Every structure is written in C-alpha cells, then in structure tokens.
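Inspection log for the structure reproduced underneath, given as structure tokens.
There are 4 protein chains.
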Amino acid sequence: MSTKNTAILLISCPDRKGLVAAIANFLYRHNANILHADQHQDAELGVFLMRVEWDLQDFDLSLEDFETAFLPIAQEFNMTWRLAHSSHRPRMAIFVSRYDHCLADLLYRYRAGELNCDIPIIISNHPDTHALAETYRIPFQHIAIHKDGKEEAETTQLAILRRLHIDFIVLARYMQVLSGEFIRHYPNRIINIHHSFLPAFHGAKPYHRAFERGVKLIGATSHYVTEVLDDGPIIEQDVTRVSHRDDLDDLVRRGADLEKIVLSRAVRLHIEHRVLLYANKTVVFD
Amino acid sequence: MSTKNTAILLISCPDRKGLVAAIANFLYRHNANILHADQHQDAELGVFLMRVEWDLQDFDLSLEDFETAFLPIAQEFNMTWRLAHSSHRPRMAIFVSRYDHCLADLLYRYRAGELNCDIPIIISNHPDTHALAETYRIPFQHIAIHKDGKEEAETTQLAILRRLHIDFIVLARYMQVLSGEFIRHYPNRIINIHHSFLPAFHGAKPYHRAFERGVKLIGATSHYVTEVLDDGPIIEQDVTRVSHRDDLDDLVRRGADLEKIVLSRAVRLHIEHRVLLYANKTVVFD
Amino acid sequence: MSTKNTAILLISCPDRKGLVAAIANFLYRHNANILHADQHQDAELGVFLMRVEWDLQDFDLSLEDFETAFLPIAQEFNMTWRLAHSSHRPRMAIFVSRYDHCLADLLYRYRAGELNCDIPIIISNHPDTHALAETYRIPFQHIAIHKDGKEEAETTQLAILRRLHIDFIVLARYMQVLSGEFIRHYPNRIINIHHSFLPAFHGAKPYHRAFERGVKLIGATSHYVTEVLDDGPIIEQDVTRVSHRDDLDDLVRRGADLEKIVLSRAVRLHIEHRVLLYANKTVVFD
Amino acid sequence: MSTKNTAILLISCPDRKGLVAAIANFLYRHNANILHADQHQDAELGVFLMRVEWDLQDFDLSLEDFETAFLPIAQEFNMTWRLAHSSHRPRMAIFVSRYDHCLADLLYRYRAGELNCDIPIIISNHPDTHALAETYRIPFQHIAIHKDGKEEAETTQLAILRRLHIDFIVLARYMQVLSGEFIRHYPNRIINIHHSFLPAFHGAKPYHRAFERGVKLIGATSHYVTEVLDDGPIIEQDVTRVSHRDDLDDLVRRGADLEKIVLSRAVRLHIEHRVLLYANKTVVFD
Chain B
49 MSTKNTAILL ISCPDRKGLV AAIANFLYRH NANILHADQH QDAELGVFLM
99 RVEWDLQDFD LSLEDFETAF LPIAQEFNMT WRLAHSSHRP RMAIFVSRYD
149 HCLADLLYRY RAGELNCDIP IIISNHPDTH ALAETYRIPF QHIAIHKDGK
199 EEAETTQLAI LRRLHIDFIV LARYMQVLSG EFIRHYPNRI INIHHSFLPA
249 FHGAKPYHRA FERGVKLIGA TSHYVTEVLD DGPIIEQDVT RVSHRDDLDD
299 LVRRGADLEK IVLSRAVRLH IEHRVLLYAN KTVVFD
Chain C
49 MSTKNTAILL ISCPDRKGLV AAIANFLYRH NANILHADQH QDAELGVFLM
99 RVEWDLQDFD LSLEDFETAF LPIAQEFNMT WRLAHSSHRP RMAIFVSRYD
149 HCLADLLYRY RAGELNCDIP IIISNHPDTH ALAETYRIPF QHIAIHKDGK
199 EEAETTQLAI LRRLHIDFIV LARYMQVLSG EFIRHYPNRI INIHHSFLPA
249 FHGAKPYHRA FERGVKLIGA TSHYVTEVLD DGPIIEQDVT RVSHRDDLDD
299 LVRRGADLEK IVLSRAVRLH IEHRVLLYAN KTVVFD
Chain F
49 MSTKNTAILL ISCPDRKGLV AAIANFLYRH NANILHADQH QDAELGVFLM
99 RVEWDLQDFD LSLEDFETAF LPIAQEFNMT WRLAHSSHRP RMAIFVSRYD
149 HCLADLLYRY RAGELNCDIP IIISNHPDTH ALAETYRIPF QHIAIHKDGK
199 EEAETTQLAI LRRLHIDFIV LARYMQVLSG EFIRHYPNRI INIHHSFLPA
249 FHGAKPYHRA FERGVKLIGA TSHYVTEVLD DGPIIEQDVT RVSHRDDLDD
299 LVRRGADLEK IVLSRAVRLH IEHRVLLYAN KTVVFD
Chain A
49 MSTKNTAILL ISCPDRKGLV AAIANFLYRH NANILHADQH QDAELGVFLM
99 RVEWDLQDFD LSLEDFETAF LPIAQEFNMT WRLAHSSHRP RMAIFVSRYD
149 HCLADLLYRY RAGELNCDIP IIISNHPDTH ALAETYRIPF QHIAIHKDGK
199 EEAETTQLAI LRRLHIDFIV LARYMQVLSG EFIRHYPNRI INIHHSFLPA
249 FHGAKPYHRA FERGVKLIGA TSHYVTEVLD DGPIIEQDVT RVSHRDDLDD
299 LVRRGADLEK IVLSRAVRLH IEHRVLLYAN KTVVFD
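Protein chains in written order, with my numbering: chain B, 49 to 334; chain C, 49 to 334; chain F, 49 to 334; chain A, 49 to 334.
Quick look at the structure:
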C-alpha cells in the first residue's frame, strides 16, 4: 500500500453539464493514467461528488503546480476540492479510556501495514493502556480528566496535537464527551466508534439499553464527531445477531468484535480519502 | 406441517430446583415421546421459561384431562402455563392499508402451507387490496377510518373479530395507530411490522428519516403491539446494507423485502408457539 | 420507473488514457445531462468497463443517429458497446417446474411495477403453475419433457421464444438442464437461480448435501447460464444462518426465501442494464 | 468467566423415553442448581444430545464421586458422556506459519480473559511470530519442516504436546497438512480455520479461486480436523460481501477479519464445552 505512487482528487460541487468532461480532459491533457474513478450525483440536492485516483508515473504536472493549473476549472464549476498524495502518511492521534480492544486492533493493523498512517501519540484519561502503547513503541500521554477540569485537559490535549501536527483523531472507545470548542479545531477529522446501531441507543450505556429492549441484533457505528452527541455523519455500521441466550456480558463481548471491525474500516476509508461529506451524510467510495 | 400430531407445553415461572425433574417425570409417567425441549433461565430475574413438544401417539392423557393432571405441578411451582395442540389452526385476522407486499407474502405462504393457521378475514381502511384477497378467496372487509371516526371503526372491527373467533391479529403495514382500548382486547396477540430497526426511527416515516440520517443499514422489526407506540416486545428483526447509491425509493423497495421476511418469520414463530414473553422481551425457541 | 426517459450506454474495451475524456466530451457535446456514471478498471487484465445513464430531455441526438455519431470513438478505442433506452421494456420468458415460489415472487414484483419488463410467456414442463399464471394473466405453455424427448421439447420452446421476440429467459427453479445448443441461442441471456452458495454444492440436491455436510450458513446464487453446469458468471448471491435446530425441511423453507430475493435482484439488475461481463465474471453497477 | 464454579455434563446417546427425566432426577437428587440446559434430538437418526450446566455451590456430589453415582444411568441409556469443570482451564497449543493475524487475535483475547484456557506453547514452522509470542510471554518453538522431513517434525511436535499435557490444538493459519498419524493422536481436538466458505474452495489458495470465480461473498470456516482434508465437522462459518471493486488483496484483507472472528468463536465454543459431535456434524449449544 505504501509503495503506491498515486494522486487522489476529491471534488464536491453543484451538478452541471460538462463537469466530467472538464475534469477528464484536464487529466488526459496532463497524461494521467486513471486507476479509479467514482462519482455520485444527488439529483434532489443537485450535488456532484467525485473521487479520482491516477498513477503519477506519467503525469506531467508536479503536485505543487497542480493547484494553479486546476484553478480555472475549479472556479468555473464552483468546486470544493482537495488533492491528496498516496505517499503522504496522515498523522493520527488515538484517544482511549480503559477498554483497549479497539486500540489493540488499530495498533495491530498499523504494524501489519494495513493502515497507511503515522501514529505520533496515544492520549488517555487512564494509565491502563500505557503498556500496550509501549509494545508497539507509540508515545503515550496520560491526561487525567478531573472533575471540573475538562477544559484544562482539553487545552493540554490540543497543545500536544498541534505540536505533533496531528491530521485527525480517532476516539477508540474514549469515554469522555469532547467540547464544541475542541471539536471545532478538527471539523470532520475526529472519528468515533459508538457501540450501537445509531441512531438507536445514542448516548450512554447502549448495550444495557439494547439488552433491556430485547433487540435481536446489536450494532456498532463509526461516525465523524460533530457538536451534537452521536449525530455526526455515519461512515460505517454493522450488526450481529443476538438472542435471549446472550446475556449482557455476551452483548458486550460480541459488540466489541463489531466495534473493532467497524472502527478500523472507517479509519481505513478516511486514510484512503474515500469518504466525502454532504448534508450531514457520507458518500463512501469503496 | 399440518399432519403433525403433537402437543406443546409453554411454561413460565420462578426458577427453582426440581422444576425440570417435575416436568420431565410428569411427561415420562404419561408416556410422552418428547420431540423438542427448550428452556431458558434468566439468572438475574430468577425466571424459568420452557417449551416442550411431544408426540401424542403414545401419550396416555387426553388433552382434556391434561389440566387436571398437571395442576398440582403447576401450582407447586407457581407456573403460568398453556397447552397447545399442533393440529389446532389458530385464526388470524390481517389488517392492511394500501401497501400490499406484506399481505401478498403472507397469503402466498398461507396457500403454500407454510403458515399453519386459518385466515377468516382481511380488514382494511382502503379498498385497494380487495382483489388480492379475492384471488386467495379470503373474505375482505373495508372499514374506512373517517376523521374522528376511529372509535366507531374499532367498534366495528372488534365486533367482526369476536364474531369470527379471531385468535390473533397481524398488522401487515396497517397505517393506523390502534387505541389502547382495542389493544387490551388482544394482549400480546397483535403482531406489527415496523419498517425500521427499532428502536431507531420509531414513529412515522422511518425510511425518510433513515435516508436523511445517512445510515448504512436499514432494518425491519416485528413486535407485539402494546399501548406504547413501537415499544412492544420484539419478535424478529433484520437489516440489509444500503449505500449512498440508494435513493429513498431504493430504501423503500429494499426495505419492503425485509418487511416481508421479518413479518412472516414472526407470524410463523407465533403460530408454532415458539415465542414466550417476560420483562417486555421475547424468548424465541426456534 | 417506467416513466424515466433515459439512455444507458454500456462500454467494455481495453483500458487506455483518454477514454473517459472521449466519452465525456461526446456526451457533453450532445448536451447529455448525466444522471449516473460508473466505471471499473481491471488493472491486471487491462480492461475498462463503463455504464453511463443520461436524461434524454435535452440530448440532441436521436437514438437512431447515436450509432453513426458514436462510431468513430467506439472504433478508436476498440469498444464493445451497446445502447439501451429505459423506456424499452425487455421481453422476459420464465421457465419453471413444480416449485412456484420464485415464479410467484417475480409475478408479484412484475405487477407491482418493480420489474420494468414484459412477460409474454411462462413455459413449464409441468402443468402445476398454470393457475398462478392465469391469476396474473400471463400466457402459460405446458411443454412436457419426455424421456429422450428433450431435443424435441427444446425445439418447441425455441420456436415459441423466437415467435414472441423474447430478449432473455429466467429459470425460476426450472429443474431441467438446458442443452448447449439451446444455450447458444441466448448467450448471457439466461438467468438461473441455484439453491446453494456456488461453487459449493453445484449440481443436484444442494440442500440435502448442505444438511449432510453440516454447514452453518445456506445460500442461493443467481448466475448466467453457460454450457458448463452451474459455472456461469455470478450475478448475485446471499446466505442465511442455520443451525442444528434446522432440519432438512427448514433448510428448504429458509432457502426458498433466499432464492426469491436473490433471483429477483438479479433479474432487476439485468433489466436495468447494470450487469457487465468479462473473464466469466460480472461487474454489477448498482 | 474464570470465577464461575460450575459443572458441565455432555451426553450423547440413542433417543429414548425417560432420558430427560432420569437426568433431571439425578441432578435434583444431588441438589444441583441448573443454570443452562440444552438438548437436541435428531429424529431421523434417533440421537439425543444434551449439555447441562449447574452451579456446584449446593451440589452434594464431589466431581470425583460423580462417575460412580452417574454410572447406572449412563449404562441404562447407553450414554457416551463426559463431565467438565468450569474452573479447569484446558491446555491449548497453537500452530502457526507466517500469517499472524489469527495468532495475534487469539493472544489478545487470551490476555483479555475471553478464552478460559492456558497456552503452554506456540509451535511454528517459521520463526516469524517469535516476537509476538514473547510479547505475550508464551513459550515459542520453531520446528522447521524440511522437504521429506514432515514425519520427523511431527514426531518432535507430538513429543512436545505430550510433555506439556496439551488438551487441544488450534491451527491458526498453519499452512502444513497434518498426517493421519498425527491427527489420530488428537481426534476432534484439532481446530482449523480454513479461509473459505467450505465446502467451496477446499484445498489450496481459496482466495485466488474465489476471485477467479467472481463470487459475491467470501467466507471462513472453522472445523475439527479429520483425515480427509477440509472435510471435518464444521464448528462455525461466516461470510462478508465483496464486489468487483475488491481485488485479490482486498479479498485477502477482508477475509483475514473473518478468519479471526470465526476461529476465535470456534475456540471459545470448544473451551466452553458447547460443541457436540455426531454424523460428522456439530451441534453447537450457544
């Protein structure tokens, strides 16, 4: 994965005739060898979204010159756009509390080369996962959250994130609610895993409530964090079947497997620039 | 299925030592050939639930004498119990509005011999499904629900149900909310299909809200109707994957397939006496 | 669905730079309002596949003139291509034997407007489904297959199909193996439902063999028919969980629900021109 | 989990009237507080299978005396039976080759307390996973398999297993085929994970063959190892959806997640004595 040398262009704009032709011509003119192209049109909202990935081998524009060259088209079609380079490894911070299954899963995948990112820091409000971080030689920072001390803690967290040039944050079962102030620093760049099939059981203790409600399936949801709790754009969800034979502990255990899978899929989709946003929803070009 | 000649005993009581021995001894003493036995114990609530089915071939008690013979055990262990006979076909009324996919599915399965019940009546607040009912030669009654006329309509409905000795009611996408008064006539004997993965999107227009929320899976839930809307014990649920490529019509269409499957499974489980209730939940002995 | 007025262009060719630009420019030049565009590139085999659908409202080429206008591009890029019109309803023949669940499901969906096709004929080697066909007012032809009489029967079948200008054939649990000679008349235009998760349990009696093998999931597979039995390109598959509590009859019953869903999805994908073929596989642009 | 103090009785015998009564009476007589009881009857083969678990708190028989006390019943009903104690941790050896995802997953779950067993040894034909074993402080033994040296290697492996009193073996993507001679030492006590939905793609390179066949779902299967390759009783299976957008690497990556889940579920079911065998199939009392 890390050996790919490709560029990825993400575009979002009002839908208009000639859009695809303009983009395709531009890429062809500069000798791009297109590897993948996905587009989505929302007829109702008149929105056009595109992800196109091409080999940089024969491409005759340097990535530095891309913006200047592409600007006329971007302006003509009123595009919101961004260019990514597959060889750039984004910098991911992981926030965690006591449950370590999602953290352990992410770290295993990181070491196995499945996640094309760097992990400069793990931040936790508990010291429990320090040893796990050390096993993988990832710096670990314990920042306790004292009563009435969340603001202070967040200030410390933000300073660390800034210093380490963090691109995005993964909440791997981090049991603290982030402030709106914090979230505004990383808009659509904080990925959470919620241990239910959202919007069912948003908020606290979803497994307890699922157990009490007697649902026949439990779920997990990974979403971008917005200022409304558990309401951000959903990246990935999955469920598994349960029955009366499963007690609350079984739900927690089976749910943990879901959480790992769903969160790691979402992180991977984010890293590979496969997630676009509009209308508080995601378009996932997998 | 209709040729089976078995008895099914359903028991619910406080959990106590000696329960299973008492039941097993009783059945053995009367020469029952047990075909299936399932039990569930809820350790936290101290509840014991059992379903046992045996061949009536060699059984030496008539079903009429069963109650007298079993009474001492039932009293000793403080059981709530009921005996069913596989050859008895329960009488099911179907309520429907305009969407006919669940109705058509139930009728097809009924004719194919998959549902071991009689269907003495289909009741609808619209005339649209009359022709479908006729195809299957099921009596159809159109009872319009006028503004401020629900009470009157329910009185008419209840009279029909009583006259036809209806055992249970299936709401096959019946778009009216039944009154508490109505529901109290058929406690845990009204089965609804809700077009979402409850408790997500309870209430009106679940597909619209699922579409707006951008969920990655849509669901359907079949449950017993209680006086709290969409809150009764869940019998069966299922989900299917959707993506940004699915528009609202796709959700409705794909959801319809789920609704059919989930409702027919729930109806079948109910008919075969596989559903027990406690704590607003179901135990499904499938 | 039938009210849409769109054109669909399906392209398959060697992958080359400039392909997308050429197609997009052509469509833009003729004022096409693109509604959906999907493409797939197989890097290993160097194959490019595309499905593009546009509104005909503003399109300035008649479909009659399309070929002439598009020919230079098609030749330059060595394309295999075909143009479809959403208002054209393809003509589907259904072959069936005794099991009628897939037939009943297709007919229900047909009447509900879910399948944008005509059904000029149902052909069966048994008379059992005649009444069902009549309910939906579809012509029914019983063609018995006598010992050593398959060739003769196929001759009769082919004459009917030709006379009725049938576009494609659906084998809705048709329990006869078609001859290579027959299949060559409808290459990649015969859709079968096989009652297993292919390639497991290809051939006869898959549920019996699944039961004996003790699998924990059973499946259904819809595929195009080729001259090698159960080996054609797979269009759609799905599975459902089973356990030791399910006997053979349960497998058959639960499998029937899968078969209906999987076959109807495949038929719908075919009708909507969403299936492209290469290397004995399908690309499904859903 | 390790704090439970329960006994588990597993019974398999010809089905006969009075069986359940005899067992229930025996347990009641000795004051057992039954926590879970599951039974299965195969009507066709006349087989009865049961798993019953009870609290040892009030039980008045020591486990040493159980056999003597239970023998008359066992003989009367011709039972094959075995008694397990929840506080006994079975001793599991893990065999692995180069792919370490299943090993890493099992070790994580072991440390998290999810698997109630001891792991006295990891044996590999490659040195690659030595570091991983060390992280979890599990002894690691590299036993290379030279050309024509499998017999010798197996002799060494068997000596180690014997010396360490290994109860059962897990093949966590161990890429060597075990000899019949080896397997006979651990009948139904070797658990394998095969990276396909068996019986599809048994044998070598299942992902390659799944990719070539163009299946729409890939699977994983955990089964007991018998002398016929990939043909032993299936404990657990699962699948995940794939599409033309997934290349071979995607299949391998997505399949790895399935393999982990399916293998760990099977291992857990085995450790908790939830798997019974008959007719080359499993009954899983989950």
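Even for Gly, the Cβ is constructed at its ideal location relative to N, Cα and C. On a predicted model such as this, the values are computed, not experimentally measured, just so you know.
Contacts around residue i, its chain only, beta-carbon distance under 7 Å, and the 5 residues preceding and following it disregarded
i, result
"Y147 of chain B", "R221"
"W129 of chain C", "L57, L58, I59, A122"
8 Å contact criterion, which residue i and residue j should meet: CB distance rounded
i, j, result
"Q285 of chain B", "T269 of chain B", "5 Å"
"V100 of chain F", "I71 of chain F", "7 Å"
"L75 of chain F", "H88 of chain F", "Contact doesn't hold; Cβ gap of about 18 Å is too wide."
8 Å Cβ shell around residue i - same chain, five flanking residues per side excluded
i, result
"H335 of chain B", "What is shown of chain B runs 49 to 334, which leaves residue 335 of chain B out entirely."
"F230 of chain C", "E202, Q205, L206"
"R159 of chain B", "Y184"
Below-8 Å beta-carbon distance, residue i vs any chain F residue
i, result
"R221 of chain C", "no"
"P281 of chain A", "yes"
"S60 of chain A", "no"
"E162 of chain C", "yes"
"D334 of chain C", "yes"
"R265 of chain A", "It should be noted that the sequence gives Leu, not Arg, for residue 265 of chain A. Interface residue, yes."
"G262 of chain A", "yes"
Any chain B beta carbon closer than 8 Å to residue i
i, result
"H301 of chain A", "The identity of residue 301 of chain A in the sequence shown is Arg, whereas the question assumes His. Chain B contact via Cβ: present."
"A192 of chain F", "no"
"H88 of chain C", "yes"
"A55 of chain F", "no"
"Y156 of chain A", "yes"
"H122 of chain F", "For the sequence presented, residue 122 of chain F should be read as Ala rather than His. So, not an interface residue."
"T288 of chain C", "no"
"R322 of chain C", "no"
"A91 of chain F", "yes"
"A117 of chain F", "no"
"A132 of chain F", "no"
Within-8 Å CB hit, residue i to chain A
i, result
"A207 of chain C", "no"
"T204 of chain F", "no"
"T183 of chain B", "yes"
"R210 of chain F", "no"
Chain C contact for residue i (CB, 8 Å cutoff)
i, result
"Q285 of chain B", "yes"
"T274 of chain B", "no"
Neighbourhood of residue i by C-beta distance below 6 Å, restricted to the same chain and skipping five residues each side
i, result
"M49 of chain A", "The predicted position of M49 of chain A is uncertain, since its pLDDT is 42 and thus under 50; a value taken from the coordinates is nonetheless stated next. Cβ neighbours of M49 of chain A beyond the five flanking positions: N164."
"D215 of chain F", "P138, R139"
- prompt: Taking any Cβ of chain F, which residues in the stretch 62-83 of chain A have a Cβ under 7 Å from it, in chain order?
  reply: none
query: Counting pairs of Cβ atoms below 8 Å between the stretch 221-230 of chain B and the stretch 142-161 of chain B, do you hit three or more?
result: yes
message: I want to know whether the stretch 313-332 of chain C touches the stretch 83-100 of chain F - three or more CB-CB distances under 8 Å.
response: no
message: Check whether the stretch 194-212 of chain A and the stretch 245-252 of chain A are in contact - that is, three or more C-beta pairs closer than 8 Å.
response: no
- prompt: Per the contact definition of three or more C-beta pairs closer than 8 Å, is the stretch 164-176 of chain A in contact with the stretch 108-118 of chain A?
  reply: no
field: Residues of the stretch 293-318 of chain B with Cβ closer than 8 Å to any Cβ of chain F, in chain order
entry: none
- prompt: Taking any Cβ of chain C, which residues in the stretch 238-253 of chain B have a Cβ under 8 Å from it, in chain order?
  reply: F245, L246, P247, A248, F249
query: If contact means a Cβ-Cβ distance below 9 Å, which residues of the stretch 144-155 of chain F contact chain C?
result: D148, H149, A152, D153
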